[in-house]
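**Q** If you scroll down you'll find the structure; I have some questions about it.
Residue numbers (our numbering): 20 to 273.
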């Protein structure tokens, strides 16, 4: 059983990771490259209007950059000697590698959830699991912390990571109770759990704005969510198909 779980996850993650890497070359990657042009102009670039959270013009201008989860807390600086993949084939290959590793990790979670459910899964039912994964990992967190382009202002990274994890776990657990729960009390409790991170509220910077035009940032949000939706639907379908072919949920084990 354990070997088949890993086999399904590796095959589905590899295929979905490579597919989404190709898709990103035409959706989010051009937007990121364009945003980096604004970010790299720095103080010498065109004047930037920074707004506080009430929408009023702020007296100072702050050059901000996107802080990824792998880059550590704010204050972590990137000097001129810091390594980064070069634009072109090197950047594309490292992006594809990261996507494959991420997809394999998500496939493991999805396959484990399917196995715990204990029912036979096909490509069609796998799509439903993929939609649930998209809702938990991408859609629900984006309601509080939408995807950010380079140059956008952001709250402290640890707070954002913690809230994202809370939103993803709460949405996943809440959907499990609301959709799969059999007791009468489970659906309302599940909905309450889903709403709890948003009741608490996501962390936001004191000021909003940055070097990137808002139209470009909005385009990135929509492109990121659409790309994520395609990824999760494809991943769910692949998990279902490979699970069916490799006999993950055989009648004797289901």
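Idealized CB from N, CA, C, for every residue including glycine.
#1: For residue 142, which residues does DSSP report across the bridge?
#2: For residue 175 and residue 160, I'd like the C-alpha separation in whole angstroms.
#3: State yes or no: is the C-beta of residue 142 within less than 7 Å of the C-beta of residue 256?
#4: Can you tell me the Cα-Cα spacing of residue 29 and residue 266, whole angstroms?
#5: In chain order, what residues of the same chain have a beta carbon less than 8 Å from the beta carbon of residue 78, not counting five sequence neighbours either side?
#6: DSSP three-state label for residue 171, please.
#7: Hey, quick one: how far does the alpha helix (DSSP H) through residue 217 stretch, first residue to last?
#8: Who are the Cβ neighbours of residue 144 in its own chain at under 7 Å, not counting the five residues just before and after it?
#9: For the alpha helix (DSSP H) holding residue 179, just list the boundary residues, first then last.
#10: Taking the CB atoms as reference points, tell me whether residue 155 and residue 187 lie closer together than 7 Å.
#11: Is residue 134 buried or exposed, if buried means 16 or more other CB atoms sit within 10 Å of its CB?
#12: Going by C-alpha distance, which of 238, 210, 33 and 139 is nearest residue 263?
#13: Report the rounded CA-to-CA distance for residue 197 versus residue 189, giving the unit in angstroms.
#14: Going by DSSP in three states, residue 14 sits in which element: helix, strand or coil?
#15: Residue 74 by DSSP, collapsed to three states: which one?
#16: Can you tell me which of 232, 34 and 184 puts its alpha carbon nearest to the alpha carbon of residue 217?
**A** Working from what's here:
#1: Answer is none; residue 142 lacks a bridge partner.
#2: 16 Å
#3: yes
#4: 15 Å
#5: In this prediction, residue 78 scores a pLDDT of 33, lower than 50, which makes its location untrustworthy; the coordinate-derived value is nonetheless stated afterwards. Answer for residue 78: no residue qualifies.
#6: strand
#7: 205–219
#8: 259
#9: 176–194
#10: yes
#11: buried
#12: 139
#13: 12 Å
#14: Residue 14 falls outside the range modelled here, since the chain spans only 20 to 273, and no answer is possible.
#15: Model confidence at residue 74 stands at a pLDDT of 35, short of 50, so the residue's coordinates are unreliable and nothing is read from them.
#16: 184
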